[in-house]
Amino acid sequence: MKRILAIAMILLMVSGNAAWAGQNVVVKHKGGPTGVISGTVLGPDDKPAPHAAITYQSSSGTAPHAVHADAHGRFVITKLNSDIYDLRASANGIFSEWQKNFQVQSGHTSEIILRLIYAKEMPKSASAGKTAKKN
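Positions 431 to 565 (my numbering) are the ones given, in order, by the sequence shown.
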């Protein structure tokens, strides 16, 4: 009798999971719909920069993340809360300037173009210009 009861319990659990698996489950994010940033990374030659890295974070400096552009320099960042973001792209050692205070609104797609630029001058290292002391 215990064996039959145990088998019946197992069958109920399995059939319950099967019924659950067939249902559509909608996951809602806190605060409702989320925003999207869609854009293109262009190189110094104004041509798309394939597979560029895009770094982004809220303008308060929290939650830094990165995505990569596709072969045509296009990227999409989804599931963003309404906030102000800072973005920057890089590829092959060349960076864009930080695009600061970029507004994202829930339920909307915001478009941006990030342009990679060559630095006007190479950063100087801390030891540059110092001469070694001779004993």
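Glycine included, each C-beta is placed from N, C-alpha and C at the ideal position.
- Query: Do you know how far the Cα of Lys530 is from the Cα of Gly491?
  - Reply: In the sequence shown, the residue the question calls residue 491 occupies position 61. In the sequence shown, the residue the question calls residue 530 occupies position 100. Looking at the two C-alpha atoms, the distance is approximately 11 angstroms.
- Beta-carbon spacing of Val534, Tyr515 below 7 angstroms: Here residue 534 refers to the residue found at position 104 of the sequence shown. Here residue 515 refers to the residue found at position 85 of the sequence shown. Contact flag set, yes.
- Query: Are the beta-carbon atoms of Thr464 and Lys509 separated by less than 7 angstroms?
  - Reply: By 1-based counting over the sequence shown, the position of residue 464 is 34. By 1-based counting over the sequence shown, the position of residue 509 is 79. Against a cut-off of 7 angstroms, the Cβ pair of Lys509 and Thr464 comes out as a contact.
- Could you give the DSSP three-state label for Tyr515: helix, strand or coil? By one-based count along the sequence shown, residue 515 stands at place 85. In the structure shown, Tyr515 sits in a strand (DSSP, three-state: E or B).
- Neighbourhood of Ser540 by C-beta, 8 angstroms cutoff - its chain only, sequence neighbours within 5 removed: The count along the sequence shown starts at 1 and reaches residue 540 at position 110. So the qualifying residues of the chain are Gly465, Val466, Ile467, Ser468, Phe532, Gln533, Val534.
- Taking the C-alpha atoms as reference points, what is the distance between Asp513 and His538? Numbered from 1 along the sequence shown, position 83 holds the residue referred to as residue 513. Numbered from 1 along the sequence shown, position 108 holds the residue referred to as residue 538. Pairing Asp513 with His538, the inter-Cα distance amounts to about 12 angstroms.
- Task: Report the rounded CA-to-CA distance for Ser526 versus Ile542, giving the unit in angstroms.
- Result: Locating residue 526 in the sequence shown gives position 96, counting from the first residue. Locating residue 542 in the sequence shown gives position 112, counting from the first residue. Using only the alpha carbons, I get a separation of about 12 angstroms.
- Message: To the nearest angstrom, how far is the alpha carbon of His502 from that of Tyr548?
- Response: Within the sequence shown, numbered from 1, the residue matching residue 502 stands at position 72. Within the sequence shown, numbered from 1, the residue matching residue 548 stands at position 118. Looking at the two C-alpha atoms, the distance is approximately 20 angstroms.
- Query: To the nearest angstrom, how far is it from the Cα of Thr485 to the Cα of Leu472?
  - Reply: Locating residue 485 in the sequence shown gives position 55, counting from the first residue. Locating residue 472 in the sequence shown gives position 42, counting from the first residue. Straight-line Cα distance between these residues: approximately 15 angstroms.
- Message: Using the three-state DSSP reduction, which class does Ser568 fall into: helix, strand or coil?
- Response: The requested residue 568 does not occur in the structure, where the chain is confined to residues 431 to 565.
- Query: Taking C-alpha atoms, which residue in Trp528, Arg545, Leu544 lies nearest to Ser489?
  - Reply: By 1-based counting over the sequence shown, the position of residue 489 is 59. Residue Trp528 is the option with its Cα nearest to Ser489.
- Item | C-alpha distance - Ala521 paired with Ser536, whole-angstrom precision | Within the sequence shown, numbered from 1, the residue matching residue 521 stands at position 91. Within the sequence shown, numbered from 1, the residue matching residue 536 stands at position 106. Looking at the two C-alpha atoms, the distance is approximately 29 angstroms.
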